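J.: In our numbering, the protein residues as written are -13 to 406.
(1) For the alpha helix (DSSP H) containing residue 166, list its first residue and its last residue.
(2) Given a cut-off of 8 Å, decide if residue 63 and residue 229 are closer than it, judged by their beta-carbon atoms.
(3) So what's residue 12 in DSSP terms, helix, strand or just coil?
(4) Rounded C-beta distance between residue 251 and residue 70? I'm assuming under 8 Å.
(5) Residue 202: beta carbon under 7 Å from a heavy atom of the ligand GTP?
(6) Report the option in 166, 333, 99, 117 whose CA atom is closest to the CA atom of residue 151.
(7) Where residue 221 and residue 122 are concerned, what is the direct C-alpha to C-alpha distance, given to the nearest angstrom?
(8) Mapping DSSP to helix, strand and coil, what is residue 301?
(9) Please return the same chain residues whose Cβ sits closer than 6 Å to the Cβ of residue 67, not counting the five positions on each side in sequence.
(10) Using DSSP bridges, identify the partner residues of residue 328.
(11) Is the beta carbon of residue 56 sitting closer than 8 Å to the one on residue 219?
(12) Output needed for residue 276: all residues of its chain with C-beta closer than 8 Å, excluding positions within five of it in sequence on either side, in chain order.
(13) Give the straight-line distance between the Cα atoms of residue 317 and residue 353, rounded to the nearest whole angstrom.
(14) At the level of alpha carbons, what is the spacing between residue 105 and residue 309?
(15) CB-CB under 7 Å to residue 48, same chain, minus the five flanking residues each way: which ones, in chain order?
(16) At which residues does the alpha helix (DSSP H) containing residue 101 begin and terminate?
(17) Using only the alpha-carbon positions, how far apart do residue 366 and residue 119 sit?
(18) Alpha carbon to alpha carbon, how far is residue 248 from residue 19? Give it in angstroms, no decimals.
(19) Applying the 10 Å Cβ sphere with the 16-neighbour rule, what's the burial state of residue 182?
Following this line, the structure appears as structure tokens:
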């Protein structure tokens, strides 16, 4: 009788959590893995477009050449790649060039799957104790993941931008650490994101989603780890400051054109404004009790004010919509992930004119930012003041409920089942 009850409990547990019998896998993970492999095989033959920058950067960084080492950024400002990314690229050095590139692309593509799992677990932790239907959450993650993967393969395989890959991966780890209430981990992962790619500084407002008592310690950890990575280059060669002034062409399809900015290259004010806007919008999102929107808003600021329109930029938007669709709201259909894919990537492929593509980028930023900041959302998560994600107690004031545990399922297994 006990054996039959245990078998029935196990079957119910696997049905509830979506696990495949006898395996530590969930069905939606297998489907997303197959989707990733398909896109990898389609894109890889034409991939690695920018990998040579990573190879050049890591060779110079670890060389004794006059334009390498700590003088790297002073002599090569075009390498807008963080030292953590160059160190990671160094791991492919023992292999033949093509083999190293292929390994980097495969690992980067695989990180996209890891990020989907992390976002699912972040959502499960965020809604822990609210009676959330986790099968529904898994379905939402699957539908959003089908939109996320094509753009992830764009940045990780077609362009092989390991720096952007690592920046977004570490940011995802920071969001997961935030949901777990781990302030130091939030600081470490956010710092690693900035040390991989400087524009990730726009995601720093995630620190403010921690309890107010943890702000100072977390900020100090963050600043110290960013300084450890970047300060040696500035002290080693003062001309490194010039790297911040590196410009790229102002392309006709950029949203900047709709602001009347017709400069042929990046205006002097553009990068500081981009960072300030992303950080400012993120702070507003946390103040509004909507920290899952921080990544989307930071990415919005990037594509709004960046003079370039590379398609791999959209990967940061898709991570932002993924977090918002999975954590920020509870609708079954993750509309924003598919709206972003259709408008930003589809617009690049099918809109006939540069002006139209620039307008779509501008419209997406305005509409998405307005929605996540202003549209009423169902406050289904019950928080106590000062809990992780509460923004220092500014929003919410009800105590968290305990996790409802089903009959015959131990509390530990219920928590495991809450992992999407």
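Cβ coordinates follow ideal geometry from the N, Cα and C atoms, glycine included. On a predicted model such as this, the values are computed, not experimentally measured, just so you know.
T.: From the atom records:
(1) 148 to 166
(2) yes
(3) strand
(4) With 8 Å as the limit, residue 251 and residue 70 do not qualify as a contact, their Cβ atoms being about 28 Å apart.
(5) This structure lacks the ligand GTP; in fact it carries no ligand of any kind.
(6) The residue with the shortest Cα to Cα distance from residue 151 is 99.
(7) 52 Å
(8) helix
(9) 43, 149
(10) Looking at the DSSP assignment, residue 328 forms no beta bridge with any residue, so it has no partner.
(11) It is a contact, given that the beta carbons lie within the stated cut-off.
(12) 314, 358, 359, 363
(13) The alpha-carbon separation between residue 317 and residue 353 amounts to approximately 18 Å.
(14) 6 Å
(15) 76
(16) Run containing residue 101: 83 to 112, per the alpha helix (DSSP H) assignment.
(17) Summary for residue 366: the model assigns pLDDT 42, below 50, so the residue's position carries little reliability; its value from the coordinates is reported in the next sentence. Straight-line Cα distance between these residues: approximately 12 Å.
(18) 43 Å
(19) buried
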